[in-house]
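Participant:
Residue numbers (the UniProt record's numbering): 1 to 188.
Below, the structure is given as C-alpha cells:
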C-alpha cells in the first residue's frame with residue numbers, strides 16, 4: 001500500500017492525538033511549519049480519510065456500567081445481513097469480521113447486567129444466521145482502542161518540511177496533467 005502521509009503529516013497527527021483541540025497556530029508553532037501549510041495538510045488528511053474528528057464520551061461515567069465482547073459464529077452467507085443489523089444497534093460500539101474461532105466480534109455497552117441479558121436474548125438472539133455466541137464481560141478496560149498513537153516517523157520534521165511541500169506541488173501538477181492540460185501549474 002502506498003504511503004499516504006509524510007513525516008510532517010505524521011508529526012501533526014501525533015500532536016493531535018495528544019490534544020485534538022490544538023489550533024492551526026499551535027500546530028504551526030509546535031512543528032515549525034507555516035500555519036497555512038498546516039491547514040492545507042489537515043484538509044488533505046481529512047479529505048483522504050486519514051484522520052477524522054469525533055468527541056468521545058466515557059460510558060461508565062454516563063451510567064453505562066457494563067461492557068462486553070461477544071464472539072459470534074454465523075452463517076457466512078448471511079454475513080452482510082447480520083452486519084447491517086449489528087450496525088443499527090445503539091448498544092454495539094464496535095463490530096468486526098474475524099478469522100479464527102469466531103466470525104464476528106462485537107463490543108456492547110449497556111447500563112446493567114440485566115440490560116446485557118436483555119440485549120443477548122431479545123436483540124441478538126433473534127437474528128437469523130447467528131449460530132452461537134460467547135459473551136465476555138469486561139470488568140474494566142486496561143487500554144482503550146482510542147489510546148493508539150502513531151509511531152514515531154522514520155524521518156525528522158526538518159527534512160520533511162520542504163519535501164512535503166514539493167510533494168504537494170507535484171500532486172497538484174500531476175492532477176492538472178491528468179485532466180488534459182499538460183504543463184499548466186495550479187496556483188496555491
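Using N, Cα and C, we set each Cβ at its ideal position, and we do this for glycine too. Model, not experiment: these values are computed from the prediction.
Work out the CA separation of residue 48 and residue 106 for me, nearest whole Å.
Facilitator: Inter-residue distance for residue 106 and residue 48 is about 27 Å (C-alpha atoms, whole angstroms).
Participant: Name, in chain order, the residues that DSSP records as bridge partners for residue 38.
Facilitator: According to DSSP, which records beta bridges pairwise, residue 38 is partnered with nothing at all.
Participant: What is the rounded straight-line gap between the Cα of residue 28 and the Cα of residue 55?
Facilitator: 23 Å
Participant: In this structure, does DSSP put residue 112 in helix, strand or coil?
Facilitator: Coil at residue 112, not helix or strand.
Participant: Give a yes or no on whether 7 Å exceeds the smallest Cβ distance from residue 25 to chain D.
Facilitator: Annotation note: the requested chain D is absent from the structure, which comprises a single protein chain.
Participant: Taking residue 8 as part of the alpha helix (DSSP H), name the residues at either end of that continuous run.
Facilitator: 7-18
Participant: Can you name the start and end residues of the alpha helix (DSSP H) that residue 82 belongs to?
Facilitator: 79-87
Participant: Given a threshold of 16 other Cβ atoms within 10 Å of its Cβ, counted over all protein chains shown, does residue 52 qualify as buried or as exposed?
Facilitator: exposed
Participant: With a threshold of 8 Å on Cβ separation, who are the neighbours of residue 5 within its own chain once the five nearest residues in sequence on each side are excluded?
Facilitator: 13, 45, 50
Participant: Alpha carbon to alpha carbon, how far is residue 126 from residue 108?
Facilitator: 17 Å
Participant: Name the residue from 146, 110, 140, 103 whose alpha carbon lies nearest to the alpha carbon of residue 129.
Facilitator: 103
Participant: Let me know if residue 114 comes out buried or exposed under the rule of 16 or more other beta-carbons within 10 Å of its beta-carbon.
Facilitator: exposed
Participant: Within a Cβ cutoff of 7 Å, which residues of the same chain sit near residue 138, ignoring the five residues on either side of it in sequence?
Facilitator: 67, 68, 69
Participant: Using DSSP bridges, identify the partner residues of residue 132.
Facilitator: 73
Participant: To the nearest whole angstrom, what separates the beta carbons of residue 110 and residue 64, a pair I think is in contact under 8 Å?
Facilitator: 6 Å
Participant: Alpha helix (DSSP H) containing residue 145: first to last residue?
Facilitator: Neither: residue 145 is in no alpha helix (DSSP H) and is coded neither H nor E.
Participant: How long is the line joining the alpha carbons of residue 42 and residue 15, rounded to whole angstroms?
Facilitator: 12 Å
Participant: Taking the alpha-carbon positions, what's the residue 74 to residue 83 distance?
Facilitator: 10 Å
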